[in-house]
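Numbering (our numbering), first residue to last: 1 to 263.
Cβ atoms here follow ideal geometry from the backbone N, Cα and C, with glycine treated the same way.
What you are looking at is a predicted structure, and each value in this text was computed from that prediction instead of being measured.
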Ligand code: HEC
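Following this line, the structure appears as C-alpha cells:
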C-alpha cells in the first residue's frame, strides 16, 4: 500500500471555489483590473518599440537590422545619417538630407561647414537644436562632428540603466500575471508550469541579448526570440485568465481548488 498522497493528506481543506471561474467577484475585479491595465501597457510597449527601435534602420517595422543598429550600432554609418533617415527625416527635404549625408560620408570636413553646411543646419535644424534643452546644439560644428562619427550603438551606461529597470519592472508584471493564471482550471500542470516559468527565462534571454548584440550583431536574433517568447506566454495567460473569470464562470459549475489540483 502506498502512503497517503499529498492530496489525501491535506483534505478536507478543499476550498472548492479557489479557481478563476469561481473566485469571489471582488477578487475577480482586482485580477481583471490589473490584467486590463497590464494589457494596455504591453500594447503601448509594443507600439513604443515599433516607433523607436522599429525606425532605427529608417524603415517601418522591427527587423534584425533595427536591433543591430540600436545596440551594436551602424558602424558604416553615423548617428547623424541614421537620424536623418529615421526620426529626423521630416526635418529637411530629401535633397538637403542627401547633401548632408554625402558630406558625412566624406568625413564631414570643417571646410564645407564654414561655407555651406553651417547655413543648411541654421535653416533646418537649429530652430530646435540650440533651443530645446538636452539635445545637441547644431550651431556648433563640434556637436555636429560628434554625431557625424560612426555609431557604436547603445552605450554601456544606457544598457545598464535600461537592463535593471527592465528586469525589475517586467519580472514584477510576470509574477502577478503568473499568480493570477495559477488559479486557472483545466490547464495541464506541465503547460501551466511552462506558461508561468518561461517568461522569466525569455526575459533573461532578452536582456542578455542586448549586451551580446552590443558585442556582435549576430546575437540580435536572441532579442527577437526573447520578445516573441514572452509575448506568446503572456498573451496565453492573459486570455485564459479573462476567459475563465468571465465566460467559463457562466456555466455555474464548481471547478474545485485549482492549486490542490496542481499538487
Ligand atoms: C522640431 C524640432 C527638431 C528639428 C527641426 C530637428 N531636430 Fe533633431 N532632434 C530633435 C529632438 C527632440 C531630438 C531628441 C530625440 C530623442 O532623444 O529621441 C533630436 C535628436 C537629433 C539627433 C540625435 C542627437 C543625439 O546625440 O542623440 C540628431 C543627429 C539630430 N536630431 C539631427 C537633426 C538634424 C540634422 C536636423 C536638421 C535637418 C534636425 N535634427 C532637426 C528635434 C529636432
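According to the DSSP secondary-structure assignment, residue 182 is paired through a beta bridge with no residue.
By the Cβ neighbour-count rule, residue 77 is buried, with 16 or more other Cβ atoms within 10 Å of its own. For residue 235, the secondary structure class from DSSP, reduced to helix, strand or coil, is helix. Contact check between the region 180-195 and the region 116-127: fewer than three CB pairs, one atom from each, fall below 8 Å, which does not count as touching.
With distances taken between CA atoms, residue 206 lies nearest to 222 out of 192, 196 and 222. Contact between the region 247-256 and the region 95-103 is absent, with fewer than three C-beta pairs closer than 8 Å. Judged by beta-carbon spacing, residue 257 lies beyond the 9 Å limit of residue 27, meaning their Cβ atoms are not closer than that value.
Sixteen is the threshold: when 16 or more other Cβ atoms of the shown chains lie within 10 Å of the Cβ of residue 22, as they do, the residue is buried. Distance between residue 82 and residue 196, taken at the CA atoms: about 39 Å.
Between the alpha carbons of residue 171 and residue 57 lies a gap of roughly 29 Å. One thing to note: residue 144 has its Cβ within 9 Å of the Cβ of residue 80. Shown here for residue 237: same chain residues with a beta carbon closer than 6 Å to its own, the five before and five after excluded, namely 177, 181 and 195 in chain order. DSSP, reduced to helix, strand and coil, places residue 160 within a helical segment of the structure shown.
By the Cβ neighbour-count rule, residue 73 is buried, with 16 or more other Cβ atoms within 10 Å of its own. Here the C-alpha atom of residue 188 lies approximately 33 Å from the C-alpha atom of residue 164. Taking 9 Å as the cut-off, the Cβ atoms of residue 220 and residue 231 do not count as close. Where residue 255 is concerned, there is no enclosing alpha helix (DSSP H), because DSSP gives it neither an H nor an E. Cβ-Cβ separation between residue 214 and residue 154: approximately 6 Å, consistent with a contact (criterion under 8 Å). Residue pairing from DSSP places residue 150 in a beta bridge opposite 78.
Take the alpha-carbon of residue 216 and the one of residue 55: they are about 20 Å apart. Taking all protein chains in view, the Cβ of residue 67 is crowded by 16 or more other Cβ atoms within 10 Å, so the residue is classified as buried.
Counting the other CB atoms within 10 Å of its CB gives residue 125 a total of 16 or more, which places it among the buried residues.
In the DSSP annotation of this structure, the continuous segment of the alpha helix (DSSP H) that includes residue 209 starts and ends at 189-215. Within a 10 Å sphere around the beta-carbon of residue 179 sit fewer than 16 other beta-carbons, which makes this residue exposed.
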